[in-house]
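Okay, so here's the structure we're looking at.
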Amino acid sequence: MSSTPSLLLLPSPPSPPSPITLSAAYRDTLTSALLKLKSSPSPQALVVALALPILKGRGRSKLIFWSTSQSILAGLYTLVSVICAKEGIPLDVGAGPGSVDVRILLIDHERGARYEHDFDGKYETNSTAVLDLAAFATSVRPWKTVYHPSSEAGYELLSSFLKYAEGKQTFMQSQLVAIEGGISLTEPERPEALVQQPFRSVCLGGTFDHLHPGHKLLLHASLLLLSIPKKDSDQTCTLIVGISADELLAKKKYADELQSWEHRAKTVLSFLCTLLEYDTTATSPPTTSKDDELIATLRDGRVVVRCVAIRDPFGPPIHEEACEAIVVSAETRGGGKAINDRRTDKGWKPLDVFEIDVLDATEVGEQDVSRTEDFAAKISSTTIRQQRAEARRGGV
Numbered sequence: 043m044s045s046t047p048s049l050l051l052l053p054s055p056p057s058p059p060s061p062i063t064l065s066a067a068y069r070d071t072l073t074s075a076l077l078k079l080k081s082s083p084s085p086q087a088l089v090v091a092l093a094l095p096i097l098k099g100r101g102r103s104k105l106i107f108w109s110t111s112q113s114i115l116a117g118l119y120t121l122v123s124v125i126c127a128k129e130g131i132p133l134d135v136g137a138g139p140g141s142v143d144v145r146i147l148l149i150d151h152e153r154g155a156r157y158e159h160d161f162d163g164k165y166e167t168n169s170t171a172v173l174d175l176a177a178f179a180t181s182v183r184p185w186k187t188v189y190h191p192s193s194e195a196g197y198e199l200l201s202s203f204l205k206y207a208e209g210k211q212t213f214m215q216s217q218l219v220a221i222e223g224g225i226s227l228t229e230p231e232r233p234e235a236l237v238q239q240p241f242r243s244v245c246l247g248g249t250f251d252h253l254h255p256g257h258k259l260l261l262h263a264s265l266l267l268l269s270i271p272k273k274d275s276d277q278t279c280t281l282i283v284g285i286s287a288d289e290l291l292a293k294k295k296y297a298d299e300l301q302s303w304e305h306r307a308k309t310v311l312s313f314l315c316t317l318l319e320y321d322t323t324a325t326s327p328p329t330t331s332k333d334d335e336l337i338a339t340l341r342d343g344r345v346v347v348r349c350v351a352i353r354d355p356f357g358p359p360i361h362e363e364a365c366e367a368i369v370v371s372a373e374t375r376g377g378g379k380a381i382n383d384r385r386t387d388k389g390w391k392p393l394d395v396f397e398i399d400v401l402d403a404t405e406v407g408e409q410d411v412s413r414t415e416d417f418a419a420k421i422s423s424t425t426i427r428q429q430r431a432e433a434r435r436g437g438v
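So the mapping is simple: the working numbering equals the position in the sequence shown, first residue as 1, plus 42.
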């Protein structure tokens, strides 16, 4: 992100969360925040921190309710996309004035929860990419504006956040902004779904051209599968992000608007910084380059992110036996199967395959969106390139 982002604190979703109930709970709040930021003369960034009980376990060893987590992320990114489409707010990263780069975080928290700090006064991170409220409030900063719903739950969450943030960042009253709070729904409970055993190495792939909500969901869901070693450990975990090489995209529509491989890789790393790092103003982490790769080390040196140029239909998983899991979308499901077929042919263990939800506007009550395909097209890289091309020609 190129400037200090704003923060939107959202209380826990209704139980059980669904696209319709997420829309009822958060549509007004998200709309208010997005419209405030849209009016700025420069591009804006908004980090949406959703506080909910999403981890299980004691101490540092936590497991995540992965299926529930990615489903909630999909629902929220769908809702954000619908709002932005209606209000004419560009969502892709780097879209220029009037745009809002929305990045959603999950924060592990239950109303009334108390947190104990370590002997050094710090709140410890855990074995997942998700921080609890105390660790988030004390570690992740600075924020330009902190938005929150004008509801009892919204004010309570703000109070808890400020209690832990005290002494770390000082807020003027003008930086704390109450906005429409949606409706009150059933208090959430910790999910009953199975927690997911994590992995040391997770991979995914895509073009990641003009990074948009679908890309963000895929990256975030993949990150949530990692088992992050303890701080000061000599061990690491690895996220392998396969990014289509420039020559594989040469025949794409509106190819003149394609971003270079290096630009796309750096944008991916910038987004992952939001999920793993503590300085919200960092535009990109330090990187090293080698053999078609851009590599960054995040979360105190414990998470290695390898952006790898894909020059064949399969990418790193058929060249590196150590890969353990892959995250796909409905669109790339067949590719996941093909990769496992190739690994089996080599005598390697097949990857565990995880599929993210589709961003579907009809599920959040958008009656004017007739087909999922229509909505998906509106937030696709191809459509974004088309819009950029038409803007250059003066067509819009």
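Cβ atoms here follow ideal geometry from the backbone N, Cα and C, with glycine treated the same way.
Query                                                                                                          : Result
Assigned secondary structure, Val-122 (DSSP; H/G/I helix, E/B strand, else coil)                               : helix
Cβ pair count under 8 Å reaching 3, the stretch 92-107 against the stretch 133-152                             : yes
Asp-174 in three-state terms, based on DSSP                                                                    : strand
3-residue-minimum beta strand (DSSP E) runs that sit fully inside the stretch 120-164, ordered along the chain : 142-150
Residues that Ser-286 bridges to, as DSSP identifies them                                                      : Ile-352
Cβ neighbours of Ser-243 in the same chain (closer than 6 Å, five flanking residues each side left out)        : Thr-280, Ala-364, Cys-365 and Glu-366
Segment contact, 8 Å Cβ cut-off, at least three pairs: the stretch 245-263 with the stretch 213-220            : no
Among Glu-158, Arg-306 and Leu-317, the one whose alpha carbon lies nearest that of Glu-335                    : Arg-306
Backbone secondary structure at Glu-362 - three-state DSSP                                                     : coil
Buried or exposed by the 16-neighbour rule on C-beta atoms within 10 Å, applied to Pro-83                      : exposed
Residues that Pro-191 bridges to, as DSSP identifies them                                                      : Ile-221
For Ser-202, the nearest candidate out of Asp-333, Asp-160 and Arg-153 (CA to CA)                              : Arg-153
DSSP-derived helix/strand/coil call for Ile-270                                                                : coil
Cα-Cα separation between Val-142 and Thr-71, rounded to whole angstroms                                        : 15 Å
Outcome for Lys-210 when other beta-carbon atoms lying within 10 angstroms are tallied against a minimum of 16 : exposed
Beta-carbon proximity list for Arg-375, same chain, < 7 Å, skipping 5 on both sides                            : Glu-397
Leu-218: CB within 7 Å of a non-hydrogen atom of the ligand SAM                                                : The ligand SAM is not among the ligands present in this structure, which contains no ligands whatsoever.
Opening and closing residue of the alpha helix (DSSP H) in which Glu-304 lies                                  : 303-318
Same chain, Cβ closer than 7 Å to Arg-384, neighbours up to 5 away in sequence not counted                     : Phe-356 and Ile-360
DSSP three-state assignment for Arg-20, whether helix, strand or coil                                          : Residue 20 is absent from the structure shown; the chain starts at 43 and stops at 438.
Beta-carbon spacing of Leu-318, Val-345 below 8 Å                                                              : yes
Inter-residue spacing [alpha-carbon to alpha-carbon] between Tyr-157 and Ala-287                               : 45 Å
Cβ separation of Ser-169 and Arg-100, assumed to be a contact under 8 Å, to the nearest whole Å                : Incorrect: roughly 11 Å between the Cβ atoms, too far for contact.
Beta-carbon proximity check, Lys-186 vs Gly-140, cutoff 8 Å                                                    : no
Local conformation of Ile-337 per DSSP, three classes                                                          : strand
Rounded C-alpha distance that separates Arg-69 from Ser-57                                                     : 17 Å
Proximity of Ile-368 and Leu-290 at Cβ, strictly below 8 Å                                                     : no
Cβ-based neighbour list, Thr-322, same chain, cut-off 8 Å, excluding 5 preceding and 5 following               : Met-43, Thr-46, Pro-47, Val-89, Val-182, Arg-183, Pro-184, Trp-185 and Thr-316
First and last residue of the uninterrupted beta strand (DSSP E) at Leu-51                                     : 48-52
Beta-carbon proximity check, Ala-171 vs Leu-266, cutoff 8 Å                                                    : yes
Nearest-angstrom Cα separation, counted from Ile-337 out to Gln-277                                            : 16 Å
Spatial distance of Ser-123 from Gly-389 (CA atoms)                                                            : 43 Å
Candidates Leu-236, Leu-175 and Trp-108: closest to Ala-207 by CA position                                     : Leu-175
Sequence-distant residues of its chain with Cβ nearer than 7 Å to Val-237 (five each side left out)            : Lys-98, Leu-105, Ile-106 and Phe-107
Coil, strand or helix - Thr-414 by DSSP                                                                        : Note that Thr-414 has pLDDT 44, beneath the 50 cutoff, so the model's placement of it is unreliable and the number below is only indicative. The answer is helix: DSSP assigns Thr-414 an H, G or I state.
Between the CA atoms of Ser-331 and Ala-155 - distance to the nearest angstrom                                 : 43 Å
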